[in-house]
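Peer 1: Here you go, one structure.
Protein chains: 2
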Amino acid sequence: MPQISASRRLRRTPFSEGVEAAGVKGYTVYNRMLLPTVFESVEADYRHLKTHVQVWDVSCERQVELRGPDAARLMQMLTPRDLRGMLPGQCFYVPIVDETGGMLNDPVAVKLSEDRWWISIADSDLLLWVKGIAVGYRLDVLVDEPDVSPLAVQGPKADELMARVFGDRVRDIRFFKFDMFEFEGRDLAVARSGYSKQGGFEIYVEGVDIGMPLWNALFAAGEDLHVRAGCPNLIERIEGGLLSYGNDMTDDNTPHECGLGKFCNTHTAIGCIGRDALLRVAKEGPVQQIRPIAIDGDPVPGCDRPWDLFASGKRVGQVTSAAWSPDFETNVAIGMVRLSHWDAGTELEVETPAGMRRATVQSHFWI
Amino acid sequence: MPQISASRRLRRTPFSEGVEAAGVKGYTVYNRMLLPTVFESVEADYRHLKTHVQVWDVSCERQVELRGPDAARLMQMLTPRDLRGMLPGQCFYVPIVDETGGMLNDPVAVKLSEDRWWISIADSDLLLWVKGIAVGYRLDVLVDEPDVSPLAVQGPKADELMARVFGDRVRDIRFFKFDMFEFEGRDLAVARSGYSKQGGFEIYVEGVDIGMPLWNALFAAGEDLHVRAGCPNLIERIEGGLLSYGNDMTDDNTPHECGLGKFCNTHTAIGCIGRDALLRVAKEGPVQQIRPIAIDGDPVPGCDRPWDLFASGKRVGQVTSAAWSPDFETNVAIGMVRLSHWDAGTELEVETPAGMRRATVQSHFWI
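Residue numbers (the UniProt record's numbering), protein chains in the order written: chain E, 1 to 367; chain L, 1 to 367.
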């Protein structure tokens, strides 16, 4: 691939200096911000992530902050997930839908207090949708992007590394919960979460100025743990079935098509803007859905556009993410498949740049 | 710079095949789509653009389509520019502002008919803001992104090339007007516009399928005109004072700070959401504003983050775009400067990665 041209528009992060010193080799752009994609090689990064511990610059998971008396009401308007039982200190994965039930983002909502929320977003300017809704409905709420840049610590040794920097209390954080921890006199939210299946944390770093001090503290504390800079890993996230907004789903898709029906409480999520549109699909189910798919043969090239899936020459879906898995010795992939052909074991054909290949629908992801 | 990693999320365009065959060397990401930045070299591309004619894949200028009885009302809600006198067939450069008067985008509005508009956007998901407003105000309008990908033909020989493909009638299109032209049985809007000061057109290509046929027709017709693939050129656009949303301005800035006060009819643009917020700045003027700035010395490196401007050691602004201009034999730059130091001829200092340099505020851009 060609080089990426630098400009202010592709925003640097509080950790860019560390990322560059660590020898980043590839970037993508995510929320108009640089997101590393490879350090040593995608396969070497994968092996290291599954063995040791990595520090990830995921500043591009920007926050949309809702603050004020109508914050909770607005948050519920955005998602079909029922938020009534959610407590401060919890993180909820929430599909965000428009008035037609189309996915606008699949972020994590962070409830700081009754009247203060962060939405930790995937790749779309969700801020603009939320601001438009707040203005249009004349809600009593402030909506903006705070100076918060998440830093992830991921891998089997993440607990040990984090305990050395933040104290043993981090070990007690439960999955998708967060608590406040002090670093250099500042209180930071630390959640047990992250875009891998290897376990770990996300630190919501408030203030650009403490970015590099925290980065350096983690590296200094983890030398004997083989800590190194990393990033969301294509192979590992496909194996684990972690979806990517813009790759595996777009605003053309409902949450049910994305297999996120379990996060939709369409009957009780009163106030959700897309609720009416989703009631029917919630009842009858979608006609296509995300599936894990194994692709036979040699390693496939990168999936930079949808690859059509065929059954007896008829198009029945598409693959949108794919990579060779060293651990499972097959090409692992994520695709959207029609109801008629989505049963586990169904054999299809997929048109890759390397030619037509046999593809088999799996019963579950590779975890 | 490192490589850019391919994924479906960084969308390809109807012309990507042609761009790749032409040997694109660099990309940026714009509206989650690939936008070429360099073919031969930025300087060679610049010389060619000013001498011959280039075909640019600017598909990333996505369209937001407004359709329905409330389309014109919604369009006026988005901008402080008074649209009452605008006729079908006209293109208007329109600042788009939020309820605080902050710039959300600086697109070109294309009026197809009273109840059908395109907004040809700069780099932000304006679709989400427009949809949010339409939903919140319960407007009777459809808002979506149509299958339209602009292709620009720019340079001094653009008229000749376009006339060979679309007929001599294209020569009659006046600046920022458009008319309909046939290509392979399809009617396409062709406007005299584009992101350069060398003259030319933008073709609103409706339908992915005719992308490469049109690309190929332009290259076949222009061989003796030395037509080649090009892209918005950093040097030429700074010389010409063409602003870049996300580089030279963000939602922190009002249109008046961006020097776009002439496109704001704050008193008569009734219905504009940011009107109240802009009334005071419209009357009293902004405290900082975009200025052309010359930077002394050798060619500066790329401006990938704001460079602070100083006067007697005090920060008085920042530079956000800069490049060495072969024609003007100086570093040309765009910056935002405080009122106290924005007069033409004011000498400042700018902190570049190549060290502190003398910078001089100019009376006008280099055109």
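Backbone N, C-alpha and C define an ideal beta-carbon position, used for all residues, glycine too.
All values derive from a computational prediction rather than experimental measurement.
#1: Residues of chain L with a CB under 7 Å from the CB of D209/E: which are they?
#2: If you drop the 5 nearest sequence neighbours on each side, which residues of the same chain put their C-beta closer than 8 Å to that of P301/E?
#3: Please name the residue in I334/L, G101/L, F365/L and A344/L whose C-alpha comes closest to that of V350/L.
#4: Among D304/E, N233/E, G246/E and S325/E, which has the Cα closest to the Cα of Q54/E?
#5: Going along chain E in order, which residues have a C-beta closer than 7 Å to the C-beta of P306/L?
#6: Under 7 Å between beta-carbons, which chain E residues line up against D125/L? List them in chain order, please.
#7: Sorted by chain position, which residues of the same chain lie with C-beta nearer than 7 Å to Q63/L's C-beta, five sequence neighbours on each side aside?
#8: Evaluate the contact criterion for the stretch 173 to 189 of chain E versus the stretch 37 to 51 of chain E: three or more CB pairs, one atom per stretch, below 8 Å.
#9: Would you report the Cα separation of Q318/L and E17/E, rounded to the nearest angstrom?
#10: Should Q3/E be flagged as near chain L, meaning a C-beta pair shorter than 9 Å?
#11: Out of E114/E, H267/E, I96/E and P326/E, which has the shortest C-alpha to C-alpha gap to A71/E?
#12: Could you have a look at L10/L and say whether DSSP puts it in helix, strand or coil?
#13: According to the Cβ coordinates, are I295/E and P14/E closer than 9 Å?
#14: Under a three-way DSSP split, which group does E347/E fall into?
#15: Given 8 Å as the limit, is there contact between the stretch 329 to 344 of chain L and the stretch 232 to 252 of chain L, that is, 3 or more CB pairs closer than that?
#16: If we ignore side chains and look at the alpha-carbon of each, how far apart do V94/E and L104/E end up?
#17: Under three-state DSSP, which class holds R73/E?
#18: Can the beta-carbon of R171/E be found closer than 9 Å to that of M162/E?
#19: In the DSSP assignment, find the beta strand (DSSP E) that holds S124/E and state where it starts and stops.
#20: Show which residues of chain E have a CB atom less than 7 Å away from the CB atom of D98/L.
#21: Could you confirm whether any beta carbon from chain L is found closer than 9 Å to the beta carbon of R275/E?
#22: Using a Cβ-Cβ cut-off of less than 7 Å, list which residues of the stretch 20 to 37 of chain L approach chain E; keep chain order.
#23: Going along chain L, which residues have a C-beta under 7 Å from R12/E?
#24: When you compare each of C231/L, L278/L and L10/L to G200/L by their alpha carbons, which one comes out closest?
#25: Where do the N-terminal and C-terminal ends of the alpha helix (DSSP H) with G18/L fall, by residue?
#26: Whole angstroms is fine: what's the gap from L127/L's alpha carbon to S124/E's?
#27: Which residues, in chain order, does the stretch 243 to 267 of chain E contribute to contact with chain L at a C-beta distance below 7 Å?
#28: If you draw a straight line from the C-alpha of N31/E to the C-alpha of E20/L, how long is it?
#29: Out of I293/E, G26/E and I133/E, state which residue places its alpha-carbon closest to the alpha-carbon of residue 368/E.
#30: Residues of the UniProt domain "Aminomethyltransferase C-terminal" (307 to 362) of chain L in Cβ contact with chain E at a cutoff of 8 Å, in chain order, please.
#31: Run through DSSP, which three-state label would M162/E get?
#32: Check whether the stretch 258 to 269 of chain L touches the stretch 74 to 88 of chain L, counting contact only when three or more Cβ pairs, one atom from each stretch, lie closer than 8 Å.
#33: Can you confirm whether G240/E, when its beta carbon is compared against all beta carbons of chain L, has any partner nearer than 9 Å?
#34: Under 9 Å between the Cβ atoms of residue 374/E and V108/E?
#35: Of all the residues that make up the stretch 104 to 121 of chain L, which are near chain E by a beta-carbon distance shorter than 8 Å?
#36: When the Cα of P88/L is compared with those of K131/L, Y195/L, L112/L and R305/L, which residue comes out closest?
Peer 2: This is what the structure gives:
#1: Chain L residues near D209/E: none, gap ~15 Å exceeds 7 Å.
#2: If we look at P301/E and ignore the five residues flanking it on each side, its Cβ neighbours are T352, P353 and A354.
#3: It is I334/L.
#4: Its Cα nearest to that of Q54/E, the residue N233/E stands out among D304/E, N233/E, G246/E and S325/E.
#5: Chain E residues near P306/L: R8.
#6: Ordered by position in chain E, the residues that pass the 7 Å Cβ test against D125/L are S124, D125 and L128.
#7: Spatial neighbours of Q63/L in its own chain (CB-CB distance under 7 Å, excluding positions within 5 residues in sequence) are listed in chain order as W118, I119, S120, E145, P146 and V148.
#8: Too few Cβ pairs lie closer than 8 Å, so no.
#9: Going from the Cα of Q318/L to the Cα of E17/E covers about 21 Å.
#10: Q3/E counts as touching chain L.
#11: In terms of CA proximity to A71/E, E114/E leads the group E114/E, H267/E, I96/E and P326/E.
#12: For L10/L, the three-state secondary structure derived from DSSP is coil.
#13: Contact check for I295/E against P14/E fails: the beta carbons are separated by 9 Å or more.
#14: When secondary structure is reduced to three states using DSSP, E347/E falls in the strand class.
#15: Touching, yes.
#16: Taking the straight line from one Cα to the other gives about 11 Å.
#17: Annotated three-state conformation of R73/E is helix, per DSSP.
#18: With contacts defined as CB atoms closer than 9 Å, R171/E and M162/E qualify as a contacting pair.
#19: That residue, S124/E, is in no beta strand (DSSP E); it is neither H nor E in DSSP.
#20: Among the residues of chain E, those whose CB is under 7 Å from the CB of D98/L are K131, following chain order.
#21: With 9 Å as the cut-off, R275/E does not count as an interface residue toward chain L.
#22: Cβ contacts with chain E: V24, K25, G26, Y27, T28, V29, R32 and T37.
#23: For R12/E, the chain L residues whose Cβ falls inside 7 Å of its Cβ are D304 and R305, in order along the chain.
#24: Out of C231/L, L278/L and L10/L, C231/L has the C-alpha closest to the C-alpha of G200/L.
#25: In the DSSP assignment, G18/L falls within the unbroken alpha helix (DSSP H) covering S16 to A21.
#26: Each residue's alpha carbon lies about 11 Å from the other.
#27: So the close ones are S244, G246 and N247.
#28: If I take the Cα positions, the gap works out to 25 Å.
#29: Because chain E here runs from 1 to 367, residue 368/E falls outside it and cannot be looked at.
#30: Residues passing the 8 Å Cβ filter: T320 and S321.
#31: Reduced to three states, the DSSP call for M162/E is helix.
#32: Per the Cβ contact rule, the stretch 258 to 269 of chain L is in contact with the stretch 74 to 88 of chain L (3 or more Cβ pairs under 8 Å).
#33: For G240/E, the answer is no, since every Cβ of chain L falls outside 9 Å of its Cβ.
#34: Look at the range of chain E in this structure, 1 to 367, and you will see that residue 374/E is not part of it.
#35: For the stretch 104 to 121 of chain L, the set of positions with a beta-carbon nearer than 8 Å to some beta-carbon of chain E reads L104 in chain order.
#36: The alpha carbon of P88/L has as its nearest neighbour, out of K131/L, Y195/L, L112/L and R305/L, the alpha carbon of L112/L.
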